[in-house]
Amino acid sequence: MPGIKSDTTGRSTSVARVIDEIRTMLRTRELVPGQQVRQESLATRLGVSRIPVREALKSLESEGVMRHQPHVGYTVTRLDADELAQIYLMRRALETEVLRALPRLSGTQLKELSNLNDAIGCAVEQANVLEIVTCNEAFHFAMFRLSGLDIVVAEIERLWRLTEPYRTVHLYDSEARKRIVREHRKMITELRRGDTEAVVALMNTHRDLTVSDLVEALNPHR
């Protein structure tokens, strides 16, 4: 049944494209927590039917990024301060174990991380927040995947997805953007030395500062 297979493949591609577009809208804050997603306008924007849009939203709901309510439809999940704290607590626990499992990295692997951090630096100079977020995620997961703990890394990725609408908030501050590059350089230096405990300590500081920036951005009058 080649026709059926082709239709299925085409639909899967459309769904993946819609998911990617929604993630971009979350990262650029075109969609913000609590906002309703208009399926019809999104379908028109992407030149697809509402079917792949609906399937994409269901997939994002299963990740916890979207919520569905009868008579309302899909909205971007809104997290309170306690929920965000719990997510970052889980990230700290899992990312620590992944970093401790890293082998001594080769020159090629270290170069890849340096190149990714350089890409972040270029995006910082251009104040391109979307590119910073994309390259920053690539940097972290390039490092995490070297641990070989694929199941744990997949769970970390799920936790990152949950905070997708929030992780760009602090990046609109120029100093926060520059700090990311500096902190990554320190991590690469310690990875070159093979000191994973130092990398863990740097990552904890890196993550904690992000949370602090995030809380301050979300509660400016606190």
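Number 46 in full-length UniProt numbering belongs to position 46 of the sequence shown; there are no gaps in the numbering. From the three backbone atoms N, C-alpha and C, an ideal C-beta is built for every residue, glycine too. If you're wondering where the values come from, they're calculated on a predicted model, not measured in any experiment.
### Query
If you drop the 5 nearest sequence neighbours on each side, which residues of the same chain put their C-beta closer than 7 angstroms to that of R78?
In the sequence shown, the residue the question calls residue 78 occupies position 78. P33 and G34, listed in sequence order.
### Message
One question on the structure: do E97 and V152 come within less than 8 angstroms of each other, judged by their Cβ atoms?
### Response
Position 97 of the sequence shown, counted from the first residue, corresponds to residue 97. Position 152 of the sequence shown, counted from the first residue, corresponds to residue 152. Cβ distance < 8 angstroms, so E97 and V152 count as in contact.
### Query
Taking just the CA atoms, how far does L60 sit from I19?
By one-based count along the sequence shown, residue 19 stands at place 19. By one-based count along the sequence shown, residue 60 stands at place 60. Here the alpha carbon of I19 sits roughly 8 angstroms from the alpha carbon of L60.
#### Entry: Range of the contiguous alpha helix (DSSP H) that encloses G73
Sequence index remark: in the sequence shown, residue 73 carries index 73 (1-based). Element bounds for G73: not the alpha helix (DSSP H) but the beta strand (DSSP E), G73 to V76.
### Task
Provide the residue span of the alpha helix (DSSP H) that contains H140, from first to last.
Here the question's residue 140 lines up with position 140 in the sequence shown. Its alpha helix (DSSP H) spans residues V129 to R145.
### Query
For A161, which of V65, T13, Q39 and E40 has the nearest alpha-carbon?
Indexing the sequence shown from 1 puts residue 161 at position 161. It is Arg, not Ala, that sits at residue 161 in the sequence shown. Comparing Cα positions, the closest option is V65.
### Query
How many Å lie between Q39 and L209 at the Cα?
As a first step, residue 39 must be located in the sequence shown, where it is residue number 39. As a first step, residue 209 must be located in the sequence shown, where it is residue number 209. A direct Cα-to-Cα measurement between Q39 and L209 gives close to 36 angstroms.
### Task
Rank A16, T189 and P103 by C-alpha distance to the C-alpha of K111 and give the top, closest one.
Numbered from 1 along the sequence shown, position 111 holds the residue referred to as residue 111. Cα-wise, what sits closest to K111 is T189.
### Query
Given a threshold of 16 other Cβ atoms within 10 Å of its Cβ, counted over all protein chains shown, does V199 qualify as buried or as exposed?
For the purposes of this step, residue 199 is identified with residue 199 of the sequence shown, where counting begins at 1. Buried is the label assigned to V199, since at least 16 other Cβ atoms lie within 10 Å of its Cβ.
### Task
Let me know if Q121 comes out buried or exposed under the rule of 16 or more other beta-carbons within 10 Å of its beta-carbon.
In the sequence shown, residue 121 corresponds to position 121, counting from 1. Here residue 121 turns out to be Gly, not Gln, going by the sequence shown. Buried.
### Task
Determine which residues share a DSSP beta bridge with Q69 and list them.
The count along the sequence shown starts at 1 and reaches residue 69 at position 69. BP columns for Q69 point to G73.
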